[in-house]
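Single-structure report; data block below.
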Amino acid sequence: EILLSVKDLTAEVDGNPILKGVNLEVRAGEIHAIMGPNGSGKSTFSKALAGHPAYEVTGGEAIFQGKDLLEMEAEERARAGVFLAFQYPLEIPGVSNLDFLRVAYNSRRKEQGLEELDAFDFDDLIQEKLDVVKMDAAFLNRSVNEGFSGGEKKRNEILQMALLEPKIAILDETDSGLDIDALKIVANGVNQLASPENATILITHYQRLLNYIVPDYVHVMAGGRIIKSGGKELALELESRGYDWVLEQAATEV
Ligand code: ADP
Ligand code: MG
Ligand code: MG
Numbered sequence: 080e081i082l083l084s085v086k087d088l089t090a091e092v093d094g095n096p097i098l099k100g101v102n103l104e105v106r107a108g109e110i111h112a113i114m115g116p117n118g119s120g121k122s123t124f125s126k127a128l129a130g131h132p133a134y135e136v137t138g139g140e141a142i143f144q145g146k147d148l149l150e151m152e153a154e155e156r157a158r159a160g161v162f163l164a165f166q167y168p169l170e171i172p173g174v175s176n177l178d179f180l181r182v183a184y185n186s187r188r189k190e191q192g193l194e195e196l197d198a199f200d201f202d203d204l205i206q207e208k209l210d211v212v213k214m215d216a217a218f219l220n221r222s223v224n225e226g227f228s229g230g231e232k233k234r235n236e237i238l239q240m241a242l243l244e245p246k247i248a249i250l251d252e253t254d255s256g257l258d259i260d261a262l263k264i265v266a267n268g269v270n271q272l273a274s275p276e277n278a279t280i281l282i283t284h285y286q287r288l289l290n291y292i293v294p295d296y297v298h299v300m301a302g303g304r305i306i307k308s309g310g311k312e313l314a315l316e317l318e319s320r321g322y323d324w325v326l327e328q329a330a331t332e333v
C-alpha cells in the first residue's frame with residue numbers, strides 16, 4: 080500500500096526556489112532516511128509536506144492515502160495522520176503539555192470517527208505512552224516545551240507521536256543535540272511505534288541515528304532534489320566517504 084507519493088515537488092521560501100523537483104514514494108511498513116548536506120532542502124521538504132504556511136508549493140504533487148495533501152490545511156494533514164516533529168520544537172507558554180496532548184489526541188480521534196476520551200481514560204493512556212519514552216509524569220503539568228532541555232523536547236515529540244499514532248511520521252533532525260542515552264530512547268520509541276500499517280521518514284544529517292533505527296531506504300537530498308537512493312548500506316558509505324562523490328555522480332548523470 081502506497082501511503083505517500085511525491086512527484087516533482089517544487090517549493091519556494093520568500094520567493095526563493097528551494098525544492099526543485101522531489102520524487103519520493105513511501106509504502107506502509109517502510110522507514111526512509113533522508114540525508115544530505117546542510118541547506119539541501121531537507122527541512123523545507125518536511126515543512127512543505129506538513130503544510131507550513133511559509134513554504135509555498137509551486138508545482139508537483141503529494142498524494143497521501145489517495146488524497147491530495149497539498150489541498151489540505153496543515154491541521155487537516157495532522158488530523159489525517161501526517162506527523163511532523165520539528166527540528167526546533169515550539170514552546171507554548173501557558174498551555175500545559177497534558178492539555179495540549181489531549182486536544183491533539185481527541186481531534187485525531189474525531190477524524191477517525193471515534194469518540195473523545197474523557198480525562199480519566201486519557202490519563203491512563205498517557206501513562207502508558209510516558210513509559211515508552213521513559214518520561215516523568217511531571218512534564219505533563221509544565222507548559223509545552225517551555226524550559227525543556229533539547230533532549231526533553233525530543234522525548235516530548237516522541238511522546239506526541241506515540242499518542243497520535245500517525246500514519247506517516249516525519250522526524251526532522253530528531254537526533255541533533257541528543258546525548259547517547261536520549262538518542263537510544265528516541266530510537267527505541269520510533270522502533271516500537273513502527274508497524275506494517277505506518278511509515279517513518281527520518282531526516283538526519285548524521286548516520287548516528289541509523290545505528291539504532293534501521294531504514295529500508297536511504298535517500299540523499301542535494302540542491303532541492305533527491306539525487307541518490309539506496310538501501311541502509313548507503314548511509315554507512317556516506318558516513319565514510321561524505322557527500323561529494325554523490326554530487327559528482329549526479330552531475331555526470333545529468
Ligand atoms: P536543510 O534542512 O537540508 O539543512 P533547509 O530546507 O533548511 O535545508 O534549507 C534549504 C535552503 O533554503 C537553504 O539555502 C536555506 O537558507 C533556505 N531557506 C530555508 N528556510 C528559509 C527561509 N525561511 N527564508 C529564506 N531561505 C530559507
Ligand atoms: Mg534542516
Ligand atoms: Mg499555502
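Each step along the sequence shown adds one to the number in our numbering, with nothing skipped, and position 238 is 317. For every residue, glycine included, the Cβ atom is placed at its ideal position computed from N, Cα and C. Predicted, not measured: the structure shown is a model, and the values here were computed from it.
### Query
Buried or exposed: P275, going by 16 or more other Cβ atoms within 10 Å of its Cβ?
Its Cβ having fewer than 16 others within 10 Å, P275 is exposed.
### Task
Compute every distance between the C-beta of E252 and the non-hydrogen atoms of ligand 4, then say whether any falls below 7 Å.
The ligand content of the structure shown is limited to ligand 1, ligand 2 and ligand 3, which means ligand 4 is not among them.
### Query
For F227, which three-state DSSP category applies?
Shown here, F227 sits in coil according to DSSP, grouped into three states, outside any helix or strand.
#### Entry: Contact belief for I305 with L103 at Cβ below 8 Å, rounded distance in angstroms
With a contact defined as Cβ atoms closer than 8 Å, I305 and L103 qualify at about 6 Å.
### Message
What does the alpha-carbon distance come out to for the pair G108 and T279?
### Response
Going from the Cα of G108 to the Cα of T279 covers about 8 Å.
### Task
Starting from the N-terminal side, write out each stretch of the beta strand (DSSP E) that is 3 residues or longer and does not extend beyond the stretch 130 to 188.
Entirely contained in the stretch 130 to 188, the beta strand (DSSP E) runs reaching 3 residues are, in chain order, 134 to 143, 161 to 164 and 171 to 175.
### Query
Per DSSP, M214 is paired with what?
Per DSSP, M214 has no beta-bridge partner at all.
### Message
What does the alpha-carbon distance come out to for the pair Y285 and M300?
### Response
In a straight line, the C-alpha of Y285 is about 13 Å away from that of M300.
### Message
Bridge partners for V265 per DSSP, in chain order?
### Response
Beta-bridge partners assigned by DSSP to V265: none are found.
### Message
Is I249 a contact residue of ligand 1, with contact defined as CB to any heavy atom under 7 Å?
### Response
No - ligand 1 has no heavy atom lying nearer than 7 Å to the Cβ of I249.
#### Entry: Opening and closing residue of the alpha helix (DSSP H) in which T89 lies
Here T89 belongs to no alpha helix (DSSP H); instead the beta strand (DSSP E) covers I81 to V92.
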